[in-house]
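Since the structure comes first, as structure tokens, the remarks are kept for the end.
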Amino acid sequence: EAIEVLRKVDTLVVDKTGTLTEGKPAVSSVLPAPGSSAEEVLRIAASLGRSSEHPLSNAVVAAAKERGIALGAVDSFESVPGKGVKGKLDSLPAALGNERLLEELGVPTAPLRGQADELRAGGQTVVFAAFDGKLAGLIGAVDPLKKTAREAVDALRNKGLRVVILSGDTEATARAVARELDIADVIAGVFSTGMAYRDHPCLLVDVGTNGEIVLGNRDWLITCACSAGPAFEGAGVRHGMRATAGAIEEI
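As numbered in the working numbering, residues 1178 to 1428 make up the sequence shown, in order.
Here you go:
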């Protein structure tokens, strides 16, 4: 039955981070808000980020260490799914995340929104840092494409598959990656709940929490956790995008 399901698949929905990209972002931009500094932005971000396992947090912590920035003590740490992290840094409220998180906390991001849009258009993932109820700045990070991504996407298209990028990132950042791979279809701003992809028999290739998303027609839902091993062994799906193309070829 699993083989018959895969034979009817005509759409491959691919999670961006860690599947098409390396999943190892590096900080490339630090822009302080008026009255702040790049060092303070990194101090806030890395102090919060060291309690998180998110790849972007790891990148922020690494950037702070490279600059020799001393981190502060964080209490009441909380991870907010799909938005970021928050806690108390030096006994004052601090946050690191997207606009939705800062909006909830009553911190306006408008002073740096234009710069954030420019970075996203260039493919950077942007997070904002806030401290004591004020915007401290933003951080942009780049997650490079895997060397095999172009080859794998081309191979899948040559098999007649429609490739769709799925991402929790913003539309602008996801589309920047899509342009590099000549992928037209992008579903952005998606997290672990609340989204459905319908109308086509789909194969989802995902290494993160987006694999929990419902893709609509459950008869054709196949999840492949490519970084952790095959989640659907009966279909012969193996590690990575290129291996996924090979498995479909065998079927």
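Every residue, glycine too, gets a C-beta built ideally from N, C-alpha and C.
Limits of the alpha helix (DSSP H) - the one that residue i falls within
i     : result
A1272 : No alpha helix (DSSP H) contains A1272, which is instead part of the beta strand (DSSP E) from 1269–1274.
L1333 : 1326–1335
A1349 : 1348–1357
A1236 : 1232–1243
L1208 : Where L1208 is concerned, there is no enclosing alpha helix (DSSP H), although the beta strand (DSSP E) it sits in stretches over 1203–1209.
A1215 : 1215–1226
Rounded distance between the beta-carbons of residue j and residue i, thought under 8 Å
i     : j     : result
I1342 : V1354 : 7 Å
K1263 : E1255 : 5 Å
G1314 : V1207 : 7 Å
E1199 : D1320 : 6 Å
R1220 : A1241 : 7 Å
Residue span of the beta strand (DSSP E) that contains residue i, given as start and end
i     : result
G1264 : 1261–1266
P1258 : Unbroken run through P1258: none, as it is neither H nor E.
K1450 : The structure shown does not extend to residue 1450, since the chain is modelled only from 1178 to 1428, so the question has no answer here.
P1285 : Taken as a continuous stretch (DSSP letters only), P1285 belongs to no beta strand (DSSP E), as it is neither H nor E.
V1363 : 1362–1364
I1342 : 1339–1343
L1322 : That residue, L1322, is in no beta strand (DSSP E); it is neither H nor E in DSSP.
T1432 : This structure cannot speak to residue 1432, because the chain is shown only from 1178 to 1428.
T1188 : 1188–1192
Cβ neighbours of residue i in the same chain (closer than 8 Å, five flanking residues each side left out)
i     : result
L1282 : K1263, P1270, A1272, A1307, G1310
E1348 : V1363, A1365, G1366
E1216 : R1244, I1246
D1294 : A1349
L1322 : L1197, T1198, E1199, V1354, E1357, L1358
G1300 : V1319, T1350, A1353, V1354, E1357
Beta-carbon gap between residue i and residue j smaller than 9 Å
i     : j     : result
P1232 : K1201 : yes
I1316 : A1250 : no
G1274 : K1265 : no
V1204 : A1247 : no
E1433 : R1327 : With the chain represented from 1178 up to 1428, any question about residue 1433 goes unanswered, as that position is not in the structure.
L1312 : L1289 : yes
F1305 : T1286 : yes
Proximal residues to residue i (C-beta, below 6 Å), its chain only, five neighbours per side dropped
i     : result
L1338 : L1189
D1267 : G1249
R1227 : V1238
S1234 : G1226
T1302 : A1318, D1346, T1350
A1298 : A1349
S1224 : L1248, G1249, V1251, L1266
V1284 : A1307, L1312
S1344 : K1193, A1351, A1365
S1213 : A1313, G1314
V1253 : The amino acid occupying residue 1253 in the given sequence is Ser; Val does not appear at that position. The residues are G1264, K1265.
Q1292 : L1208
Chain-order list of residues whose beta-carbon lies under 7 Å from that of residue i (same chain, five-residue window excluded)
i     : result
A1210 : P1288, L1289, L1312, A1313, G1314
I1360 : V1330, V1340, I1342
V1218 : V1207, P1209, A1306, A1313, G1314, I1316
L1296 : S1206, V1303, G1317
V1257 : K1263, G1274, L1278
Min CB distance residue i to chain C below 9 Å
i     : result
T1196 : The displayed structure is made up of one protein chain only, and chain C is not part of it.
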